[in-house]
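What follows is a set of notes on a single structure, which appears directly below.
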Amino acid sequence: MPIILMRHGKPGGLSSQRLSAQAMVQWVASYDRALIEDMPPQRCIDLAAQADIIVASPLPRALASLEKLELSATFTDALFREVALPALPLATPALPPALWLTLLRLLWLGGYSGSVESFRDARQRAVQAASQLIRLSEQGTVLLAGHGMMNKLIARELRRQGWLAEKHASSRYWSTSVYHRTFL
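So the mapping is simple: the working numbering equals the position in the sequence shown, first residue as 1, plus 4.
Below is the structure:
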């Protein structure tokens with residue numbers, strides 16, 4: 005049965021004013037507590053209606069996205085939690101949060117993890133997450149309400165294991181990708 009990877013909706017109530025890298029630690033903590041401000045597009049509603057098993061990250065934005073879809077998780081698991089961003093002890097420069105998010109993720113992809121999960125460890129977690137989704141798909145269509153980076157890592161592992169995507173995951177809020185088994 006298919007595996008549907010869905011990124012959460014757009015979190016609300018977050019500042020877009022310029023911040024230092026040090027202040028981004030608090031901004032990211034607020035992001036992790038944020039709920040969703042927008043409604044799901046029709047594609048998400050249609051795909052979610054096909055799910056027999058609903059899996060979610062325990063972060064509020066993933067669970068709130070399911071609420072917007074009028075669904076609840078069959079179970080939540082930290083295995084599907086978003087990959088944390090590393091912190092930098094810089095008081096300057098002050099940049100928009102969106103730029104810091106990009107820079108910090110690029111640093112992380114380049115090997116700097118500071119005190120958070122490394123890229124290598126996150127890839128290993130994605131292998132475990134994909135395996136769990138594959139096992140669940142034997143019971144029916146699976147929907148994962150997850151996050152941008154972790155969904156991309158899971159998608160990569162699904163493809164590595166022979167699953168084919170109808171549409172590759174994007175980084176947009178409410179993005180979806182559907183994977184089908186290409187073997188028996």
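Beta carbons: idealized from backbone N, C-alpha and C, even for Gly.
Which of the three DSSP states, helix, strand or coil, is assigned to Q185? Start at 1 with the first residue of the sequence shown, and residue 185 comes out as number 181. Strictly speaking, residue 185 in this sequence is Arg, with Gln absent from that position. Three-state DSSP puts R185 in a strand.
Since M28 contacts E86 with CB under 8 Å, what's their CB separation in whole angstroms? Residue mapping note: residue 28 aligns to position 24 of the sequence shown, counting from 1. Residue mapping note: residue 86 aligns to position 82 of the sequence shown, counting from 1. Not really, about 15 Å apart at Cβ, beyond 8 Å.
Given that a residue counts as buried once 16 or more other Cβ atoms are within 10 Å of its Cβ, and exposed if not, what is K72? Counted from its first residue, the sequence shown places residue 72 at position 68. With 16 or more other Cβ atoms from the protein chains shown falling within 10 Å of its own Cβ, K72 counts as buried.
Give every residue of the same chain whose Cβ lies closer than 6 Å to the Cβ of A261, excluding the five residues on either side of it in the sequence, and list them in chain order. No answer is possible for residue 261: it lies beyond the span of the chain, which begins at 5 and ends at 188.
Within the region 102-148, ranges of the beta strand (DSSP E) (whole runs, at least 3 residues): Correct list: empty.
Keeping to the same chain, check which residues put their C-beta closer than 6 Å to that of A25; ignore five residues upstream and five downstream. Residue mapping note: residue 25 aligns to position 21 of the sequence shown, counting from 1. Taken in chain order, the residues that qualify are L92, L94.
Within 9 Å, strictly: CB atoms of A169 and S179: Residue 169 sits at position 165 when you count from the first residue of the sequence shown. Residue 179 sits at position 175 when you count from the first residue of the sequence shown. No, they are not a contact pair.
Rounded straight-line distance, which links the Cα of H151 to that of M10: Numbered from 1 along the sequence shown, position 6 holds the residue referred to as residue 10. Numbered from 1 along the sequence shown, position 147 holds the residue referred to as residue 151. Taking the Cα positions, M10 is about 8 Å away from H151.
Simplified DSSP state of P15, which is helix, strand or coil: Taking the first residue of the sequence shown as 1, we reach residue 15 at position 11. In the three-state DSSP reduction, P15 falls in the strand class (E or B).
What is the residue span of the beta strand (DSSP E) that L168 lies within? Position 164 of the sequence shown, counted from the start, is the residue given in the question as residue 168. For L168, the enclosing beta strand (DSSP E) covers residues 167-169.
Just to confirm my understanding: we take L103, look at its own chain, exclude 5 residues before and 5 after, and list those with CB closer than 6 Å. What are they? Mapped onto the sequence shown, residue 103 falls at position 99. Answer for L103: no residue qualifies.
Return the Cβ separation of V131 and E161 in integer angstroms, given the expectation that the two are a contact with Cβ distance under 8 Å. For the purposes of this step, residue 131 is identified with residue 127 of the sequence shown, where counting begins at 1. For the purposes of this step, residue 161 is identified with residue 157 of the sequence shown, where counting begins at 1. Confirmed, Cβ separation roughly 5 Å.
In terms of DSSP beta bridges, what is T96 paired with? Against the sequence shown, residue 96 aligns to sequence position 92. DSSP, once it has assigned bridges, lists no residue as partnering T96.
Classification of A98 by the beta-carbon crowding that lies within 10 angstroms, buried from 16 upward: Sequence index remark: in the sequence shown, residue 98 carries index 94 (1-based). A98 counts as exposed, since fewer than 16 other C-beta atoms from the protein chains shown sit within 10 angstroms of its C-beta.
Can you round the beta-carbon distance between P64 and A38 to whole angstroms, since I take them to be within the 8 Å contact cut? Sequence index remark: in the sequence shown, residue 64 carries index 60 (1-based). Sequence index remark: in the sequence shown, residue 38 carries index 34 (1-based). Yes, P64 and A38 are in contact; Cβ-Cβ is about 7 Å, under 8 Å.
According to DSSP, simplified to helix, strand and coil, what is L225? A query on residue 225 cannot be resolved here, the shown segment of the chain reaching from 5 to 188 and no further.
What do you reckon, are the CB atoms on I7 and Q54 nearer than 9 Å? Counting from 1 along the sequence shown, the entry for residue 7 is found at position 3. Counting from 1 along the sequence shown, the entry for residue 54 is found at position 50. It is not a contact, given that the beta carbons lie outside the stated cut-off.
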